[in-house]
Ligand code: AP5
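Numbering (our numbering), first residue to last: 214 to 425.
What follows is the structure, given as structure tokens:
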């Protein structure tokens, strides 16, 4: 299955990507996580991406297109993949099409801006990529990652003012992709629920219908 996950910041893309990846045995490629890792290790990519991410803006198209191209050409993706957070602009979607990769479904998770703001304030993440929520998806031991045992932290771009900028960027530049993929006949829409497991169930059902 070659899948794209779309939705506003905090809609639950990363959470669902993790579930689908484990179930289907295919890798989830999160451009956000790749960029955050590059910032952490201080690479040239990280240095150039940091100011955009901290401002809640998008990193330039050519940078992320290059990253994704490299991943999709690797052996890891030969049995399928989940793109989490890419494409995020019409230019990125067109570039993906030009790579000649067949996409089976584009799943968009719809959540209102009000609920997004509430979710972001409770998100805690781990450097291994795992994501939790103090109320909706707490780790077994407070502040510690269930998967690797490291300390959880608050993402730099989860500050309330940055979340609002990210939502504005989403509505202006990324949301038009919904129409783009609806016209391609591969859009699958799911209403994000209050509980993670309820969204997981809806996503599972919707994908079963869409990718037969
Ligand atoms: P990225 O890391 O992709 O951030 P994002 O799209 O803003 O999405 P998030 O990771 O914040 O949220 P999510 O939808 O994965 O939600 P999650 O599952 O964590 O990108 C960061 C930045 O990198 C961008 O701003 C941009 O600058 C740059 N970038 C990345 N890709 C780019 C691209 N293609 N082009 C240009 N720039 C790019 O869930 C959120 C919280 O809610 C968690 O705490 C979770 O536990 C909780 N939760 C999840 N589901 C539920 C539920 N159903 N009910 C209750 N709580 C839930």
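Glycine is no exception: its CB is placed at the ideal position from the N, C-alpha and C atoms.
319 is the residue among 350, 319, 267 whose C-alpha sits nearest the C-alpha of residue 392. Your pair residue 251 and residue 295 does not check out as a contact, with CB atoms roughly 20 angstroms apart and the cut at 8 angstroms. In the structure shown, the three-state DSSP call for residue 379 is helix.
Ranking 298, 399, 303, 224 by CA distance to the CA of residue 385 puts 303 first. Here residue 411 is exposed: its Cβ has fewer than 16 other Cβ atoms, across all protein chains shown, within 10 Å. The beta strand (DSSP E) runs lying completely inside the region 275 to 359 and spanning 3 residues or more are 294 to 297, 318 to 323, 336 to 338, 344 to 346, given in chain order. In its chain, beyond the 5 residues on either side, 364, 365 have a beta carbon closer than 7 angstroms to the beta carbon of residue 357. Not one heavy atom of the ligand AP5 falls within 7 angstroms of the beta-carbon of residue 240.
Inter-residue distance for residue 234 and residue 374 is about 32 angstroms (C-alpha atoms, whole angstroms).
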